[in-house]
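Take a look at the structure set out below.
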Amino acid sequence: MARNTFRQDERLDEPFNFKHLLRASVYMKKYAGKMVFALIISALGGAIGLIAPRINQEALDVAIPNTDTRYLIELAIMLVGTIVISIILTTIRSRIMIKVSQGIIYDIRKDLFAHLQKLPFQYYDDRPHGKILIRVVNYVNSVSDMLSNGLINVILEIFNLIFIVAFMFSVDVQLALVVLCGVPVLAVFMLWIKNKQRKAWQAVSNKNSNLNAYLQENIVGARITQIFAREDYNAQVFAGLSSDCRNTWMTAVRYNNLVWPGIDTISVLVRAAIFLFGMVVFSTAEGGMKSVGVIVAISSYASRFWQPIMNLGNIFNNFINNIAYLERIFQTLDEPVTVDDAPDATEMPEIKGEVEFKNVDFSYEEGKPVLKNVSFKVKPGQSVALVGPTGAGKSTIVSLVSRFYNVGGGQVLIDGQDISKVTLHSLRSQMGIMLQDSFIFSGTIEDNIRYGKLDATMDEIRAASKIVCADAFISAMEDGYQSEVRERGTTLSQGQKQLISFARTLISDPKILVLDEATSSIDVQTERALQTGLNNMMKGRTTFIIAHRLSTIKNCDVIMYIDDGGIVETGTHEELLAKHGLYYHLYTSQMDEKGA
Ligand code: ADP
1096 MARNTFRQDE RLDEPFNFKH LLRASVYMKK YAGKMVFALI ISALGGAIGL IAPRINQEAL
1156 DVAIPNTDTR YLIELAIMLV GTIVISIILT TIRSRIMIKV SQGIIYDIRK DLFAHLQKLP
1216 FQYYDDRPHG KILIRVVNYV NSVSDMLSNG LINVILEIFN LIFIVAFMFS VDVQLALVVL
1276 CGVPVLAVFM LWIKNKQRKA WQAVSNKNSN LNAYLQENIV GARITQIFAR EDYNAQVFAG
1336 LSSDCRNTWM TAVRYNNLVW PGIDTISVLV RAAIFLFGMV VFSTAEGGMK SVGVIVAISS
1396 YASRFWQPIM NLGNIFNNFI NNIAYLERIF QTLDEPVTVD DAPDATEMPE IKGEVEFKNV
1456 DFSYEEGKPV LKNVSFKVKP GQSVALVGPT GAGKSTIVSL VSRFYNVGGG QVLIDGQDIS
1516 KVTLHSLRSQ MGIMLQDSFI FSGTIEDNIR YGKLDATMDE IRAASKIVCA DAFISAMEDG
1576 YQSEVRERGT TLSQGQKQLI SFARTLISDP KILVLDEATS SIDVQTERAL QTGLNNMMKG
1636 RTTFIIAHRL STIKNCDVIM YIDDGGIVET GTHEELLAKH GLYYHLYTSQ MDEKGA
């Protein structure tokens, strides 16, 4: 998919495509029995409800003129009976359908979430997260209603219409034909208004999606907003997006508000025609005026006649919107898991730690190469530092070691095994990866460390924390390992978050460590703890470390200077200093800064 931002509307005005509906039937199959039962109940309820005008007709034409009180009471009881039965059936139906629609929501969300978790980093790099959220939350809600109630309602409304017409004709053929004359007028009106309404609501949906994307981005980036005092600017952007939402909503509601007055006008005209024809035209032609009961019954059916037509129009509109949502949902489900196990993938044997890049090419976007023909070999247990200017490709190299992206050309080998040929789980479960952002989940510190190994015992957690020098500060907290931390670890310092993520990484006893060092400055004491923790972690493991503070990596076995997507210099700290090349300049400039 093209890159999308909060400024771009998603394309929602798709032609009505039954293909998506057919595919969605997979989610409905499970509930077919319940849906058929609900349909029968509703049809029954609808049919019973339609008897009422006939009862009224009997009352007006027979019971009242004959002053037959007993018959009148019987008719009244029948009328109440039909209403009570209708209410009971409607309640049963709505209970069943709530279960069905919630079941469909649950099933689609489960699939979506499972798939989203497997999608490669690239997918999340390419689109606002708020737009992904809106698909999983809002769109699924909306389509579930179409898949459950929508389809049943279409059938019911069609039945309803047939029943109404049949009852009308059973009462009086001529007046029934008068009512049907109103249909073409209604059809023209409906086509016009529904088209306007559909477009208007699609615009609302697009603008909501954009607002959601911006809101989500700003919640996550709230700190940066405040650091850069961007509140006013952001408020203006948000106001613009909100105003788009308001304006599109107002337009949509304006069209909605036109619907009923339009229908009422047509309905009133048709009723006037019923009275005119019933009392005047047919009275001369047929030699007698239609009875009051007939006229009242027909006009009662006529007023009910518009409802199903209108409802069908609404359902059709909803279908069109929801089919577009369905397409988004299926598009997400179909998003290829580009970084996945090969069909013949084998389990990665226990890793010893040799890592080799053989002529690796890589690009995030076509035509923009990031790594060009990169080759190197690291022996088991060696520590490798990657240094170089920002954007050189250091993070990309370490991402490829863990196969977060597929290489464009060449091979990444671990212990001589091409990592694209082994299962991701067997590969990544033997690696410890620490990205720059030491992400902390809400829960206790213990939960956060256990994230690295779900069955870790408390002793293992404590032991890992001790090795990385995290135990001291955790034990000093009031609730120790049980201390609650909030989402993203807002109650912890940057250094503390890093120490916790060291422990989380170490607990699975990884054979290869990948560390993308955070650049944030921390106090000397924490820095010392981090350095000792890091050194302890690295013992006996092949380690890749992207360090911005060169003091961290002086003792690494190999230092690679990366620039412009390739390795420009490689050697130990001493060798590279002696070379007086790029590393030398980087190092001396950092030392100068420190000295200054
Ligand atoms: P470093 O870690 O050396 O700072 P990176 O490996 O992060 O550099 O980036 C190398 C190049 O790839 C940069 O030009 C960067 O803009 C680009 N890049 C990094 N991540 C992505 C991404 N997800 N999508 C597109 N381009 C990216």
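Position one of the sequence shown corresponds to residue 1096 (our numbering), numbered consecutively onward. The beta-carbon is built from N, C-alpha and C at its ideal position, and this holds for glycine as well.
- Within a 10 Å sphere around the beta-carbon of Gln1297 sit 16 or more other beta-carbons, which makes this residue buried.
- Bounds of any alpha helix (DSSP H) do not take in Thr1552, whose DSSP letter is neither H nor E.
- Taken through DSSP and simplified to helix, strand or coil, Gln1292 comes out as helix.
- Thr1485 and Leu1421 have their alpha carbons spaced roughly 41 Å apart.
- In this chain, the beta strand (DSSP E) harbouring Ile1640 covers 1637-1641.
- Judged by the Cβ position, Tyr1656 fails to qualify as a neighbour of the ligand ADP at the 7 Å threshold, every heavy atom of the ligand being at least this far.
- If you keep only unbroken beta strand (DSSP E) runs of at least 3 residues inside the region 1433-1465, you get 1450-1460.
- Glu1664 has its Cβ no nearer than 7 Å to any heavy atom of the ligand ADP.
- In this structure, the beta-carbon distance from Gly1448 to Gly1488 does not fall below 8 Å.
- Counting only residues whose CB is nearer than 5 Å to a non-hydrogen atom of the ligand ADP, the list in chain order is Asp1220, Tyr1459, Val1465, Thr1485, Gly1486, Ala1487, Gly1488, Lys1489, Ser1490, Thr1491.
- Nearest in C-alpha terms to Arg1557, of all of Leu1601, Ser1533, Thr1665, is Leu1601.
- Annotated three-state conformation of Ala1480 is strand, per DSSP.
- Gly1666 sits in a strand when the DSSP states are folded into three classes.
- Spanning the alpha carbons of Val1663 and Val1653 requires a straight line of approximately 13 Å.
- A Cβ-Cβ separation of about 6 Å places Val1195 in contact with Met1130 under the 8 Å criterion.
- Proximity of the region 1274-1281 to the region 1154-1170 falls short of the contact definition, fewer than three beta-carbon pairs being nearer than 8 Å.
- Arg1349 is classed as exposed because its beta carbon has fewer than 16 other beta carbons within 10 Å across all chains shown.
- In this structure, DSSP gives Ser1470 an extended state, which the three-state scheme calls strand.
- Note on geometry: alpha-carbon atoms of Ser1560 and Gln1531 lie some 19 Å from one another.
- The Cβ atoms of Leu1207 and Ile1424 sit closer than 8 Å to each other.
- Between Ala1565 and Leu1594, the gap from beta carbon to beta carbon is short of 8 Å.
- When secondary structure is reduced to three states using DSSP, Val1249 falls in the helix class.
- The straight-line gap separating the alpha-carbon atoms of Leu1117 and Arg1188 is approximately 24 Å.
- Shown here, Gly1486 sits in coil according to DSSP, grouped into three states, outside any helix or strand.
- Going by DSSP, Ile1322 is part of the alpha helix (DSSP H) stretching over 1317-1322.
- The shortest CA-to-CA distance from Leu1610 to any of Leu1286, Ser1137, Ser1478 is the one to Ser1478.
- The straight-line gap separating the alpha-carbon atoms of Arg1318 and Ala1324 is approximately 10 Å.
- Per DSSP, Tyr1234 lies in no beta strand (DSSP E) and is assigned neither H nor E.
- About 11 Å separates the Cβ atoms of Val1465 and Val1502, ruling out a contact at the 8 Å cut-off.
- Only residues of its own chain outside the window of five on either side were considered, and among them Pro1148 have a CB closer than 6 Å to the CB of Ser1395, listed in chain order.
- Between the C-alpha atoms of Val1283 and Leu1272 there is a straight-line separation of about 19 Å.
- The criterion of a C-beta distance shorter than 8 Å is not satisfied by Asn1409 and Arg1293.
- Its chain contains Pro1223, Asn1305, Ala1308, Tyr1309 as the residues whose beta carbon lies nearer than 6 Å to that of Phe1101, once the 5 sequence neighbours on both sides are disregarded; these appear in chain order.
- Secondary structure of Asp1611 (DSSP, three-state): strand.
- Straight-line measurement puts the Cα of Thr1343 at about 46 Å from the Cα of Gly1176.
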